[in-house]
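One line per chain: the protein sequences are R and G, in this order. With this note's numbering as the guide, the letters of the first sequence map in order to residues 1 to 103. With this note's numbering as the guide, the letters of the second sequence map in order to residues 104 to 267.
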Amino acid sequence: MAEPMRIRAKLNGDTVEVKVLIRHDMETGKRKDPSGKVIPPHFIKTLIAKCKEKTVLDTVMGISVSKDPFLSFKFKGGALGDKVTVTWVDNTDDTRTDEATIS
Amino acid sequence: MFDSDKKGVQVMDQGRRNALRMVSALGLVCAGSLLGPIRALAGEWQANSFEAKGLANALKELGVDSYTMSSEVSVISAEIAENGAVVPVSVGSAIPNTEYMAILIEKNPNPLSVAFNIPEGTEAAFTTRVKMGETSNILALVKANGKWFAASKEVKVTLGGCGG
Numbered sequence: 001m002a003e004p005m006r007i008r009a010k011l012n013g014d015t016v017e018v019k020v021l022i023r024h025d026m027e028t029g030k031r032k033d034p035s036g037k038v039i040p041p042h043f044i045k046t047l048i049a050k051c052k053e054k055t056v057l058d059t060v061m062g063i064s065v066s067k068d069p070f071l072s073f074k075f076k077g078g079a080l081g082d083k084v085t086v087t088w089v090d091n092t093d094d095t096r097t098d099e100a101t102i103s
Numbered sequence: 104m105f106d107s108d109k110k111g112v113q114v115m116d117q118g119r120r121n122a123l124r125m126v127s128a129l130g131l132v133c134a135g136s137l138l139g140p141i142r143a144l145a146g147e148w149q150a151n152s153f154e155a156k157g158l159a160n161a162l163k164e165l166g167v168d169s170y171t172m173s174s175e176v177s178v179i180s181a182e183i184a185e186n187g188a189v190v191p192v193s194v195g196s197a198i199p200n201t202e203y204m205a206i207l208i209e210k211n212p213n214p215l216s217v218a219f220n221i222p223e224g225t226e227a228a229f230t231t232r233v234k235m236g237e238t239s240n241i242l243a244l245v246k247a248n249g250k251w252f253a254a255s256k257e258v259k260v261t262l263g264g265c266g267g
């Protein structure tokens, strides 16, 4: 089971700034372990952020996003106390959803 | 009497089956209509574009025939990245109606790194961290009003991020 994300959602004027830190190996499938065996790819493919059921970000990722991905973005239409929900799905169909309250 | 009872059960059973069939058909329709919009929204992970080798192929798979370099698109990153495995990069677009942005690392084996579908109300400005195999241009690709724009910035990498 994947570890939780760290999400911050901060209201600044009429804009919400969201920062997401994900714990994920983001293995490329091109590296080898010390015994010379290829380490299988393991990476996040899609990430979707929602606020009040509205999609505020829709992302597709490849293997060249760094390990433990970080992402920040801004959207309008969120208010104090609203929740921002972030969901990712990786290439092994593992998935995780976490949420943060806009502060 | 016993017989007619049995018949009754049979008739009921038939009715139940029909009802069930209808329900499951309805269920499928519902699921279809539910899935539809979600699919349409979620940028589907396209193996072709992510696995494309070389910038020209990656652009082709993304459906980009040509693009215009624009000063309204920005790529912000350090001049020199000591560790190619973690290169912070910010991309932004001031072009109205920017609907899509992608980050491509020109000299990575698979240049396409990450792509954003931008819903209305979300700013066309993102910060993330990418891996770079070697010194390369980072290309920010923007789609707005059906046209493609781009900006690029060279980042020198002293330690590649793709080896083991």
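We treat Cβ as the ideally placed atom computed from N, Cα and C, and that holds for glycine.
Leaving out five residues on either side along the sequence, give the residues of the same chain with a beta carbon under 7 Å from the beta carbon of residue i.
| i | result |
| --- | --- |
| residue 131(G) | Confidence at residue 131(G) is low in this model, with a pLDDT of 49, below 50, so its placement is unreliable and the value that follows should be read with caution. Excluding sequence neighbours, residue 131(G) sits near nothing in its chain. |
| residue 53(R) | none |
| residue 94(R) | 2 |
Enumerate in chain order the residues of its own chain whose CB-to-CB distance from residue i is below 8 Å, with the five nearest sequence positions on each side excluded.
| i | result |
| --- | --- |
| residue 92(R) | 42 |
| residue 255(G) | 172, 178, 209, 240, 241, 242 and 243 |
| residue 99(R) | 7, 83, 84, 85 and 86 |
| residue 221(G) | 201, 202, 203, 204 and 227 |
| residue 62(R) | 43 |
| residue 4(R) | 23, 96 and 98 |
Check this for me: beta carbons of residue i and residue j, under 8 Å apart or not?
| i | j | result |
| --- | --- | --- |
| residue 51(R) | residue 29(R) | no |
| residue 32(R) | residue 39(R) | yes |
| residue 17(R) | residue 74(R) | yes |
| residue 229(G) | residue 71(R) | yes |
| residue 225(G) | residue 260(G) | no |
Can you name the start and end residues of the beta strand (DSSP E) that residue i belongs to?
| i | result |
| --- | --- |
| residue 202(G) | 201-208 |
| residue 165(G) | No beta strand (DSSP E) holds residue 165(G); the alpha helix (DSSP H) holding it covers 158-165. |
| residue 219(G) | 215-220 |
| residue 67(R) | Element bounds for residue 67(R): n/a, residue is neither H nor E. |
| residue 259(G) | 250-260 |
| residue 246(G) | 239-247 |
| residue 17(R) | 15-21 |
| residue 99(R) | 95-101 |
| residue 189(G) | It is not in any beta strand (DSSP E) - residue 189(G) carries neither H nor E in the DSSP assignment. |
Cutting at 6 Å between CB atoms, please list the residues of its own chain near residue i, excluding the five before and the five after it.
| i | result |
| --- | --- |
| residue 214(G) | 158, 161, 207 and 208 |
| residue 246(G) | 202 and 203 |
| residue 191(G) | 232 |
For residue i, which beta-bridge partners are listed by DSSP?
| i | result |
| --- | --- |
| residue 31(R) | According to DSSP, which records beta bridges pairwise, residue 31(R) is partnered with nothing at all. |
| residue 177(G) | 195(G) |
| residue 50(R) | 55(R) and 85(R) |
Just to confirm, does residue i get its C-beta within under 7 Å of one of the non-hydrogen atoms of the ligand ATP?
| i | result |
| --- | --- |
| residue 8(R) | Looking for the ligand ATP in the displayed structure turns up nothing, as the structure carries no ligands at all. |
Where does residue i sit, in a helix, a strand or coil, going by DSSP?
| i | result |
| --- | --- |
| residue 72(R) | strand |
| residue 39(R) | coil |
| residue 121(R) | What the structure shows of chain R is the stretch from 1 to 103, and residue 121(R) is not part of that stretch, so it cannot be assessed. |
| residue 83(R) | strand |
| residue 25(R) | coil |
| residue 91(R) | coil |
Ends of the alpha helix (DSSP H) at residue i?
| i | result |
| --- | --- |
| residue 151(G) | 150-154 |
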